[in-house]
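Novice: For the sequence shown, my numbering assigns the number 42 to the initial residue and increments by one for each residue that follows. Shown below is the structure under consideration.
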Amino acid sequence: MNRTRIAFIGGGNMAQSLIAGLIADGHEAAALTVSDPLDDKRQQLAATYGIKAAADNAAAIAEAQVVMLCVKPQSAPAVCRELAASLPHTPPLIISIMAGVTEASLCHWLGRPLALVRAMPNTPVMVQSGAIGLHANAETTPTQQNLAEEILRAGGLTRWVEREADLDAITALSGSGPAYFLLFMEALEKAGIEQGLSADTARLLSIQTALGAARMAMESDESPAQLRQRVTSPGGTTERALNAFADGGLETLVSRAVNAARQRAGELSALLGAEK
Ligand SMILES: NC(=O)C1=CN([C@@H]2O[C@H](COP(=O)(O)OP(=O)(O)OC[C@H]3O[C@@H](n4cnc5c(N)ncnc54)[C@H](O)[C@@H]3O)[C@@H](O)[C@H]2O)C=CC1
Ligand SMILES: O=C(O)[C@@H]1CCC=N1
42 MNRTRIAFIG GGNMAQSLIA GLIADGHEAA ALTVSDPLDD KRQQLAATYG IKAAADNAAA
102 IAEAQVVMLC VKPQSAPAVC RELAASLPHT PPLIISIMAG VTEASLCHWL GRPLALVRAM
162 PNTPVMVQSG AIGLHANAET TPTQQNLAEE ILRAGGLTRW VEREADLDAI TALSGSGPAY
222 FLLFMEALEK AGIEQGLSAD TARLLSIQTA LGAARMAMES DESPAQLRQR VTSPGGTTER
282 ALNAFADGGL ETLVSRAVNA ARQRAGELSA LLGAEK
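This is how it looks when you write it as structure tokens:
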């Protein structure tokens, strides 16, 4: 059983999902602590997972080997400054999941260069099917990188990047990505209803089709493009639909959307980085 002592600062949606994943993965609940200012959230987390819950961030990190920063990016400066005062001489490994908060900003607010891993997960960590980008700063040892990977892997698939800036692209692709696929599912469901299907049938078939396509793409040796061609009989129905997508400029639209999200990630970094 894994007994690494991890403190989660902020017990919101993402922290809860990561905690659920760790416990499902066999992590000892008593080794996990969460701190959150909201009473009912603390009670719910303690009752659901059997973990420790604290109102005080400094108390939460007292024994921690790893500190996971899971608050909103806007709370980062104040939370890090508060933690800086309580960090022990040998500091824990810091893992931040906050979108657009750079390693330089984190070290600045935390008051010194520290081993720090930035992770960009997505909401499917809720069902241990997340896609998680990772970057480590220069102070992080290979052992600490392995530790970070082990923790995040409980939430899904992990992928390291060499350049921190790539995390903005990952935020735009897979961090926000579940919303894109869900939007497509919603649109497909609506189109099915327009074609006369019942709402239940349209929803279920839309979701199952997304799941089937994703599993097929993950499990097959063939590329998504090759698998798509297999569905597309010459002169058939799929071809007509794909032509309609091409006429509507789907690829350009996806590219514009991802670029817009990436730009926003950069804006958030610049805004928060200006907070000295
Ligand atoms: N929602 C998503 O799809 C993704 C979110 N993220 C990042 O994860 C982080 C958390 O997001 P969510 O869980 O969705 O937000 P959330 O709002 O559900 O959770 C934030 C939690 O922090 C608590 N909190 C507020 N001030 C605090 C303080 N001073 N000390 C301790 N806790 C405090 C709040 O009570 C709340 O429970 C964000 O930084 C976000 O950028 C990253 C990837 C994907
Ligand atoms: O929308 C957001 O800003 C966060 C980051 C990635 C997903 N949700």
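Ideal placement from N, C-alpha and C gives every residue a C-beta, glycine not left out.
If you measure from each CB to the nearest heavy atom of ligand 2 and keep those under 5 Å, what residues do you get, in chain order?
Specialist: Taken from the N-terminal end onward, the list reads A140, G216 and S217.
Novice: Examine the Cβ distances between the region 122-136 and the region 84-94 and report whether three or more of them are shorter than 8 Å.
Specialist: No, they do not touch.
Novice: Determine the DSSP secondary structure at V108, reduced to helix, strand or coil.
Specialist: The residue given as residue 108 occupies position 67 in the sequence shown. Looking at V108 - three-state DSSP - the assignment turns out to be strand.
Novice: I need the DSSP call for V158, collapsed to helix, strand or coil.
Specialist: The residue you call residue 158 lines up with position 117 of the sequence shown. It is a strand residue.
Novice: Around the Cβ of F222, are there at least 16 other Cβ atoms within 10 angstroms (buried) or fewer (exposed)?
Specialist: In the sequence shown, the residue the question calls residue 222 occupies position 181. Exposed, since its Cβ has fewer than 16 Cβ neighbours within 10 Å.
Novice: When every heavy atom of ligand 1 is checked, does at least one fall within less than 8 Å of the C-beta of E123?
Specialist: Within the sequence shown, numbered from 1, the residue matching residue 123 stands at position 82. Flag set: Cβ of E123 near ligand 1.
Novice: Cβ-heavy atom distance between P118 and ligand 1 below 8 Å?
Specialist: Here residue 118 refers to the residue found at position 77 of the sequence shown. No - ligand 1 has no heavy atom lying nearer than 8 Å to the Cβ of P118.
Novice: In the DSSP assignment, find the beta strand (DSSP E) that holds K93 and state where it starts and stops.
Specialist: The residue labelled residue 93 in the question sits at position 52 within the sequence shown. Per DSSP, K93 belongs to the beta strand (DSSP E) from K93 to A95.
Novice: Taking only runs of the alpha helix (DSSP H) that begin and end inside the region 123-196, which ones reach a length of at least 4 residues, in chain order?
Specialist: Those alpha helix (DSSP H) runs which fall completely within the region 123-196 and span 4+ residues are 144-151 and 183-194.
Novice: Would you say the beta carbon of A156 comes nearer than 8 Å to a heavy atom of ligand 1?
Specialist: As a working note, residue 156 is residue 115 in the sequence shown. Not so, every heavy atom of ligand 1 lies at least 8 Å from the Cβ.
Novice: Please state the DSSP three-state secondary structure of S76.
Specialist: Residue mapping note: residue 76 aligns to position 35 of the sequence shown, counting from 1. In the structure shown, S76 sits in a strand (DSSP, three-state: E or B).
Novice: Just how far apart, CA to CA, sit A61 and K82?
Specialist: Here residue 61 refers to the residue found at position 20 when the sequence shown is read from its first residue. Here residue 82 refers to the residue found at position 41 when the sequence shown is read from its first residue. So the alpha carbons of these two residues sit roughly 15 Å apart.
Novice: Could you give the distance in angstroms between the alpha-carbon of N187 and the alpha-carbon of Q106?
Specialist: For the purposes of this step, residue 187 is taken as residue 146 along the sequence shown, with counting starting at 1. For the purposes of this step, residue 106 is taken as residue 65 along the sequence shown, with counting starting at 1. Looking at the two C-alpha atoms, the distance is approximately 13 Å.
Novice: Note down, in chain order, each residue of its chain lying with its Cβ closer than 7 Å to the Cβ of M226, except the 5 sequence neighbours on either side.
Specialist: In the sequence shown, the residue the question calls residue 226 occupies position 185. Excluding residues within five positions, the ones whose Cβ falls inside 7 Å are S247, I248 and A251.
Novice: Do the region 107-120 and the region 263-277 make contact, defined as three or more Cβ pairs closer than 8 Å?
Specialist: No, the region 107-120 does not touch the region 263-277.
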